Amino acid sequence: MTAPEANWGERAFLALFLAASAVALNLQQMVDPDLFWHLRGGADICAAGRPVLADTWNYLFQGKVWVNQQWLTEVLLDRAFAFGGFWGLMALRTAVALGTVALLLGALVQRPPIARYLAAAVFVACSAKFFLFRTHTFSFLMMAAVLFVLERKQGWRRLPWLCGLFALWANLHAFFGLGLLVAGCYYLAEWWTQGRKLTPAGISPMAAVPLFASATLLNPFGWRVWETAFATLGHSESYLVTEWWPVWRYPFMASAP
């Protein structure tokens, strides 16, 4: 087989793999209960022309600050729905799915092909169950983008990309803390393998994570997004609704505060 033929075969396999991944990640239910209030939130933001900072939905919290940390995702959802209705939302989710898998493959481009595609297949198999049409799917995309930059960029060129990604992530979804953890572990591993010296960019792991964390403050709510992030990761809000409690807590519901 000549080189052009081999290259064509690789591209065809890549296209088929991406198509299969998009189908697998789109097999989950389309209508999630949270989808509707996200659409309404995005519509309110678009109508106001800016992020809505005051709560206008809950009569107990009228006028108080609502840290709608995923406001930008809601705008994307609203625009997709306004453009194409149900199919617009499907197109957006497909784009997120394709982008996530493509970035993951791109991050692993220097690995052997079998390792690269196996890792992507494992991701699809493990995440398909959770790839509902909810805002957290954008965290999958952003995590893949962070891994792509960590693997493909070197030295100082990596820093502005990561700062920009974390600033964007903090406006899309509350799971940006997981990305900071991954970036910190990556820099720590580089620092350790290089004899505990500074990384090629001249920055230590102790300085990299605070730098990226400071970028997350570029949002309409400032430091308050961190409150939302901790609440989301800890699922503390789930205990406000008994139907959301894990099964193991049911015997203790009567005695729970």
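Those letters in the sequence shown? Residues 674 to 930, by the working numbering.
Just so it is clear, CB atoms sit at the ideal spot from N, CA and C, and this is done for glycine as well.
Every value quoted in this text rests on a predicted model; they were computed, and no experiment measured them.
8 Å contact criterion, which residue i and residue j should meet: CB distance rounded
i	j	result
tyrosine 859	leucine 823	5 Å
serine 812	phenylalanine 848	4 Å
glycine 714	asparagine 731	That pair is no contact at about 13 Å.
histidine 846	threonine 889	Going by Cβ atoms, the distance from histidine 846 to threonine 889 rounds to 11 Å, so no, they are not a contact pair.
Residues near residue i in its chain [Cβ-Cβ closer than 8 Å; skip 5 each side]
i	result
aspartate 728	Phe734, Gln735, Gly736, Lys737, Val738, Trp739
valine 914	With a pLDDT of only 48 at valine 914, under the threshold of 50, the placement of this residue in the model should not be trusted; the figure read from the coordinates follows. Cβ within range, chain order: n/a, list empty.
leucine 781	Ala788, Arg789, Ala792, Ala793, Glu824
Given residue i as reference, the closest of the options once Cα atoms are compared
i	options	result
valine 725	Leu762, Arg825, Trp744	Trp744
proline 883	Ala693, Glu863, Arg766, Ala840	Ala840
valine 769	Ala695, Asn844, Leu891	Ala695
alanine 843	Tyr732, Ala697, Pro893	Pro893
leucine 854	Asn731, Gln742, Phe885, Arg825	Phe885
glycine 758	Phe709, Ala775, Ile787, Gly857	Phe709
tyrosine 790	Gln701, Trp899, Glu683	Glu683
leucine 700	Thr901, Ala685, Ala798, Leu890	Ala798
lysine 826	Trp865, Phe804, Gln783, Ala688	Gln783
glutamate 900	Thr767, Ala688, Trp865, Gly850	Gly850
phenylalanine 754	Ser887, Ala788, Ala716	Ala716
leucine 687	Trp829, Ile787, Arg723	Ile787
glycine 828	Trp864, Gly895, Phe803	Trp864
threonine 767	Thr810, Val748, Arg830, Leu781	Thr810
alanine 881	Val748, Arg897, Ala862	Ala862
Endpoints, alpha helix (DSSP H) assigned at residue i
i	result
histidine 711	706-721
alanine 798	786-800
tryptophan 961	Nothing about residue 961 can be read from this structure; the chain reaches only from 674 to 930.
valine 819	810-825
aspartate 751	744-780
asparagine 844	831-845
C-beta contact flag for residue i and residue j at 8 Å
i	j	result
phenylalanine 821	glycine 852	no
serine 762	phenylalanine 806	For the record, residue 762 in the displayed sequence is leucine; it is not serine. Yes; because the gap between Cβ atoms is below 8 Å, this pair is in contact.
leucine 777	alanine 793	yes
histidine 711	leucine 765	no
leucine 691	alanine 775	yes
alanine 817	threonine 773	yes
Beta-carbon contacts of residue i that lie in its chain and below 7 Å, excluding the five residues immediately before and after
i	result
valine 819	Leu835, Leu838, Gly852, Val855, Ala856
aspartate 705	Leu805, Phe806, Arg807
alanine 693	none
isoleucine 718	Pro724, Val725, Trp744, Glu747, Val748
tryptophan 896	Leu890
Nonlocal neighbours in the same chain, by C-beta distance under 6 Å from residue i, ignoring five residues either side
i	result
leucine 891	Ala840
tryptophan 681	none
alanine 902	Ala847, Gly850
glutamate 747	His711, Gly714, Gly715
arginine 723	none
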